[in-house]
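**Student:**
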């Protein structure tokens, strides 16, 4: 009887570990997809799409700019940026860590932006830190901070 109980406990533990590993893997894949959706919206200058990727209480900590808190401020910041600059960036993900309904990712981006007023193209390279929250089963950007890599 003890052997049966022990075997059952081992099988149950194995299934639990396997389920947790699958959830972590699925979370990482969903977050990677979200980061690339963010990149695509950024490069398309689509403020509405960018904001849709954030939680309603999301926070944007942009380089050399005031902190934007909540949908309206985050949208206003991106709209200002898109009114003045056109981005062409690619992101490289350094790590993604998932823990329950929260996760974080570290990435870098590299490319350029055009200053619309002058038409000047400027090289751009950044380091990013994303904090994600799972809201109603969907991953969203809860906090996003970036700074210049050089």
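Residue numbers (this note's numbering): 43 to 192. For each residue, glycine too, the CB sits at the ideal point set by N, CA and C.
Please work out which residues of its chain come closer than 7 Å, Cβ to Cβ, to residue 177, disregarding the five sequence neighbours upstream and downstream, and give them in chain order.
**Tutor:** Excluding residues within five positions, the ones whose Cβ falls inside 7 Å are 97.
**Student:** So residue 149 packs on residue 135, CB below 8 Å; how close in whole Å?
**Tutor:** About 5 Å separates the two Cβ atoms, so the contact holds.
**Student:** If you run the structure through DSSP and keep just helix, strand and coil, what is residue 114?
**Tutor:** Three-state result, residue 114: helix.
**Student:** Grab me the residues of residue 64's own chain with a C-beta within less than 7 Å of its C-beta, minus the 5 sequence neighbours each way, in chain order.
**Tutor:** Note on residue 64: pLDDT 49, under 50, position unreliable in the model; the coordinate value appears next. Nothing listed; no residue qualifies.
**Student:** Can you tell me which residues form a DSSP beta bridge with residue 103?
**Tutor:** Residue 103 pairs with 187.
**Student:** According to the neighbour-count rule (16 or more other Cβ atoms, all chains shown, within 10 Å of its Cβ), is residue 151 buried or exposed?
**Tutor:** Burial call: buried.
**Student:** Between the alpha carbons of residue 61 and residue 189, how many angstroms are there, rounded?
**Tutor:** Legend: pLDDT at residue 61 = 49, less than 50; position of this residue unreliable, value from coordinates given subsequently. Approximately 36 Å, taken between the alpha carbons.
**Student:** What do you reckon, are the CB atoms on residue 172 and residue 191 nearer than 8 Å?
**Tutor:** It is not a contact, given that the beta carbons lie outside the stated cut-off.
**Student:** Using CA atoms only, rank isn't needed, just tell me which of 126, 102 and 137 is closest to residue 117.
**Tutor:** Residue 102 is the option with its Cα nearest to residue 117.
**Student:** Tell me which residue opens and which closes the beta strand (DSSP E) that residue 152 is part of.
**Tutor:** It spans 144-157 - the beta strand (DSSP E) in which residue 152 sits, taken as one unbroken run.
**Student:** Closest to residue 100 by C-alpha separation, out of 114, 81 and 83, would be which residue?
**Tutor:** Comparing Cα-Cα distances from residue 100 to each of 114, 81 and 83, the minimum goes to 114.
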